[in-house]
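Colleague:
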Amino acid sequence: MSTDAAFTSADDRTALPAGTNTADADQLPEVVKQLVAREAQLVAALNASTQTVEQQRELLDKLTHELALMKRWVFGSRRERFGADDPRQKSLFEVGEQPVADLEVAESQDESPEDECSDLRNKKKRRPGHGRQPLPQCLPRQRVEHIVDGAELSCPGCGQDREKISEVVSEQLEYVPSSLIVVEHVQITYACKPCQEHVVTADKPPQPIEKGIPGPGLLAHIIADKYLRHLPLYRQEEDLARYGVLVRRSTLAGWMAGSAECLLPLYELMKRRVLASDVLGTDDTPVKVLDPELDHTRTGRFWAYVGDDRHPDVVYDYTTSRKRDGPKEFLKDYTGVLQADAFSGYDKIYYGSNGKIVEAACAAHARRKFYEARETSPEAAHQALAFFGRLYAIEHDAEKFSPEARCALRQEKSLPILNDLHEWLNETLPKMRPKSPIAGAIKYSLKNWDALCRFTTDGNIPIDNNRTERTLRAQAIGRRNWMFLGSDNGGRTAAVLYSFVASAKRHHLDSEAYLAHVLRRLPAITNPLALRDLLPERWAKSHPDHVLEFRRTESAQAAKRRRLSRRERRRQQQAK
1113 MSTDAAFTSA
1123 DDRTALPAGT
1133 NTADADQLPE
1143 VVKQLVAREA
1153 QLVAALNAST
1163 QTVEQQRELL
1173 DKLTHELALM
1183 KRWVFGSRRE
1193 RFGADDPRQK
1203 SLFEVGEQPV
1213 ADLEVAESQD
1223 ESPEDECSDL
1233 RNKKKRRPGH
1243 GRQPLPQCLP
1253 RQRVEHIVDG
1263 AELSCPGCGQ
1273 DREKISEVVS
1283 EQLEYVPSSL
1293 IVVEHVQITY
1303 ACKPCQEHVV
1313 TADKPPQPIE
1323 KGIPGPGLLA
1333 HIIADKYLRH
1343 LPLYRQEEDL
1353 ARYGVLVRRS
1363 TLAGWMAGSA
1373 ECLLPLYELM
1383 KRRVLASDVL
1393 GTDDTPVKVL
1403 DPELDHTRTG
1413 RFWAYVGDDR
1423 HPDVVYDYTT
1433 SRKRDGPKEF
1443 LKDYTGVLQA
1453 DAFSGYDKIY
1463 YGSNGKIVEA
1473 ACAAHARRKF
1483 YEARETSPEA
1493 AHQALAFFGR
1503 LYAIEHDAEK
1513 FSPEARCALR
1523 QEKSLPILND
1533 LHEWLNETLP
1543 KMRPKSPIAG
1553 AIKYSLKNWD
1563 ALCRFTTDGN
1573 IPIDNNRTER
1583 TLRAQAIGRR
1593 NWMFLGSDNG
1603 GRTAAVLYSF
1613 VASAKRHHLD
1623 SEAYLAHVLR
1633 RLPAITNPLA
1643 LRDLLPERWA
1653 KSHPDHVLEF
1663 RRTESAQAAK
1673 RRRLSRRERR
1683 RQQQAK
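Okay, so the sequence shown: first residue is 1113 according to the numbering used here, each after it adds one.
#1: Roughly how many angstroms separate the alpha carbons of HIS1423 and ILE1300, rounded to a whole number?
#2: With a floor of 4 residues, list each alpha helix (DSSP H) that falls wholly inside the region 1495-1524, ordered by position along the chain.
#3: Applying the 10 Å Cβ sphere with the 16-neighbour rule, what's the burial state of LEU1292?
#4: Ignore the nearest five residues each way along the sequence and tell me which others in HIS1342's own chain have a CB closer than 8 Å to its CB.
#5: Could you tell me which whole beta strand (DSSP E) segments of length 3 or greater appear in the region 1387-1458?
#6: Helix, strand or coil: which one does DSSP assign to TYR1463?
#7: Under the three-state reduction of DSSP, which class applies to VAL1280: helix, strand or coil?
#8: So what does LEU1301 bridge to, in DSSP terms?
#9: Using 7 Å as the cut-off, classify the Cβ of LEU1381 as near or not near the heavy atoms of the ligand COA, replying yes or no.
#10: Where do the N-terminal and C-terminal ends of the alpha helix (DSSP H) with VAL1295 fall, by residue?
#11: Tell me the rounded alpha-carbon separation between GLY1457 and ASN1531.
#12: Below 8 Å on the Cβ atoms is my guess for ALA1498 versus PHE1567; work out the distance and round it to an integer in Å.
#13: Does the distance from the CB of LEU1584 to the CB of ALA1365 come in under 8 Å?
#14: Along the beta strand (DSSP E) that carries GLU1471, what are the first and last residues, could you check?
#15: Within the same chain, show all residues whose beta-carbon is closer than 6 Å to that of ASP1396, passing over the 5 residues directly before and after it, in chain order.
#16: With LEU1646 and ARG1633 assumed to form a contact (beta carbons below 8 Å), what rounded beta-carbon distance in angstroms separates them?
#17: What does a CB cutoff of less than 8 Å around ASP1420 pick up in its chain, not counting 5 residues either side in sequence?
#18: Between the region 1505-1514 and the region 1666-1684, do three or more beta carbon pairs fall short of 8 Å?
#19: Starting from VAL1613, trace the alpha helix (DSSP H) in both directions and tell me its first and last residue.
#20: Is TYR1287 buried or exposed, if buried means 16 or more other CB atoms sit within 10 Å of its CB?
#21: Is ASP1273 helix, strand or coil by DSSP?
#22: Any idea which residues DSSP pairs LEU1627 with across the strands?
#23: Looking at the strands, I want to know which residues DSSP matches up with LEU1597.
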């Protein structure tokens, strides 16, 4: 057999369809066409199958991502932390890199960091009890004496009555229900009897709600119940009924609207102070609103604006939607750094301000997207989280630095880490599926990169906007209790009253006592300069007895626990 014949025979046996006559050379062009067409069909089918598989993978990643978020939302902790013992976690410190320990701020003088970390590691071995704390001396005491019965008072030896030689005192904390009282404002009228004229009547002090029934204390109590303790009005209606006073919830709502109107001058002053901040934090949260023209609720928005440390007030605004017109109107006169999330509604505010408003993004938002992508892309997500961990370690070490020293530290330590992170993001993105959660996290960071790095240019700019986000917890908890707003006017009332409650809380004040004092004083103030004395910051200094010291102590203790925990995690990282 010739070589050509052998080649033709072998090739035809493997390539030609069954039943094809290999000897008929005239049919070969047709067979080739059939094979080419068949190949095209198979390639098209393979491409379609590959596309389907890719779509299924993207859908699986999406559903896995959503399921992990929902399970964490329902069952898990809201804290975005991954442990030092997680094998997927990357070290906070690269090989050869020195930690920021040499820049740490000195803590207490009586305990070294090593001793503190040792205490933290051994806390499970020795857990001292808190002990019973003495009851505050400021509380009134009611003495209840328990005496010995007459029969037991006689001495069994001689029969004489025994005399008191000492006493054993034990204290019990009791609750006395609050009470309502009726204050009768009696305006005395005077006249000159000899002249039978010249009648004069004493003036009644201005009230928060003119010709209204509620006094400042009751109004402050209702406001605190609704916006501090998240108590719906129908439950407050029931509480008042227990005292024999029937006040409909519609009346209570009117009282709160009147209180907000009374507080409006001070609210406007707080708003001007917040807008004078060099760095202003803002965020928003949705709220359901009743609408008589609809058969369902619609969505309104609360916007929080948190001033810097030189203007320590919190102001809320209410808008009927999330359109940019709301923050645009509020910020029309603002000049400075605005720290917010990447909501697109802010973009035209930045661009339309002609450079007066500078954007600063929130690193916590960027980090959160990588944290949420751990289930679908654990390796890449943990690499990104390690970068953010190193950035936050520097921030924690510099939290007590001056703004100038903090900025210098960020330029020296944080900026190189950000450059490495930026390089890693660009290298990793092409390796990920375009619609995967990890790709979305990378795109988010790259899109907002300049704003994410803004904190390295100014020591006054926080690395994240968490402080502002925390101020919206009140609305989030309130929504679970009072469910919705009755109207847009109710939303504006709530924004004003929330501003006073949140600002008082920022200064660790007794919000109810503060509101009662302000509602009593404010109606009589005619000089705008006198309003400054009613600001929470000044009122805390002039009324130290209404500062909740235990809140300050709790905050200090929590901050110390966080520092110790961070040091322990850093020690574990360095030990790896």
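Glycine residues also receive a C-beta, built at the ideal position from the N, C-alpha and C atoms.
Modeller: Put simply:
#1: One-based indexing of the sequence shown puts residue 1423 at position 311. One-based indexing of the sequence shown puts residue 1300 at position 188. Rounded to whole angstroms, HIS1423 to ILE1300 spans 45 Å at the Cα level.
#2: Qualifying alpha helix (DSSP H) stretches, in chain order: 1515-1521.
#3: Working through the sequence shown from its first residue, we reach residue 1292 at position 180. Burial call: exposed.
#4: The residue you call residue 1342 lines up with position 230 of the sequence shown. Excluding positions up to five away in sequence, the list reads ALA1586, ILE1589, GLY1590, ARG1592, ASN1593 and TRP1594.
#5: Entirely contained in the region 1387-1458, the beta strand (DSSP E) runs reaching 3 residues are, in chain order, 1391-1401, 1410-1418, 1426-1431 and 1448-1451.
#6: Stepping through the sequence shown from its first residue, residue 1463 is reached at position 351. In the structure shown, TYR1463 falls within a helical segment according to DSSP collapsed to helix, strand and coil.
#7: Position 168 of the sequence shown, counting from 1, holds the residue named residue 1280. Annotated three-state conformation of VAL1280 is coil, per DSSP.
#8: The residue given as residue 1301 occupies position 189 in the sequence shown. The sequence shown places Thr at residue 1301, rather than the Leu named in the question. As a beta-bridge residue in DSSP terms, THR1301 pairs with THR1313.
#9: Here there are no bound small molecules, and the ligand COA is not part of this structure.
#10: Within the sequence shown, numbered from 1, the residue matching residue 1295 stands at position 183. Run containing VAL1295: none; DSSP gives neither H nor E here.
#11: Start at 1 with the first residue of the sequence shown, and residue 1457 comes out as number 345. Start at 1 with the first residue of the sequence shown, and residue 1531 comes out as number 419. Near 28 Å, if we compare the C-alpha coordinates of ASN1531 and GLY1457.
#12: Here residue 1498 corresponds to residue number 386 of the sequence shown, with the count starting at 1. Here residue 1567 corresponds to residue number 455 of the sequence shown, with the count starting at 1. About 19 Å; that fails the 8 Å criterion.
#13: Looking up residue 1584 in the sequence shown gives position 472. Looking up residue 1365 in the sequence shown gives position 253. Not closer than 8 Å, so no.
#14: Within the sequence shown, numbered from 1, the residue matching residue 1471 stands at position 359. For GLU1471, the enclosing beta strand (DSSP E) has its first and last residue at 1469-1472.
#15: Sequence index remark: in the sequence shown, residue 1396 carries index 284 (1-based). These residues qualify, in order along the chain: ARG1413 and TRP1415.
#16: Position 534 of the sequence shown, counted from the first residue, corresponds to residue 1646. Position 521 of the sequence shown, counted from the first residue, corresponds to residue 1633. The pair is a contact, with the Cβ atoms about 6 Å apart (cut-off 8 Å).
#17: Residue numbering aside, residue 1420 sits at position 308 when the sequence shown is read from its first letter. Taking ASP1420 as the centre and dropping the five residues before and after it, the same chain places the C-beta of SER1389, ASP1390, VAL1391, LEU1392 and ASN1572 closer than 8 Å to its C-beta, in chain order.
#18: Put simply, the region 1505-1514 touches the region 1666-1684. At least three CB pairs are less than 8 Å apart.
#19: In the sequence shown, residue 1613 corresponds to position 501, counting from 1. Looking at the DSSP string, the run of the alpha helix (DSSP H) that includes VAL1613 is 1600-1618.
#20: Residue mapping note: residue 1287 aligns to position 175 of the sequence shown, counting from 1. With fewer than 16 other Cβ atoms from the protein chains shown falling within 10 Å of its own Cβ, TYR1287 counts as exposed.
#21: For the purposes of this step, residue 1273 is identified with residue 161 of the sequence shown, where counting begins at 1. In the structure shown, ASP1273 sits in a strand (DSSP, three-state: E or B).
#22: Numbered from 1 along the sequence shown, position 515 holds the residue referred to as residue 1627. Looking at the DSSP assignment, LEU1627 forms no beta bridge with any residue, so it has no partner.
#23: Here residue 1597 is taken as the residue at index 485 of the sequence shown, counted from 1. DSSP lists VAL1401 as partners of LEU1597.
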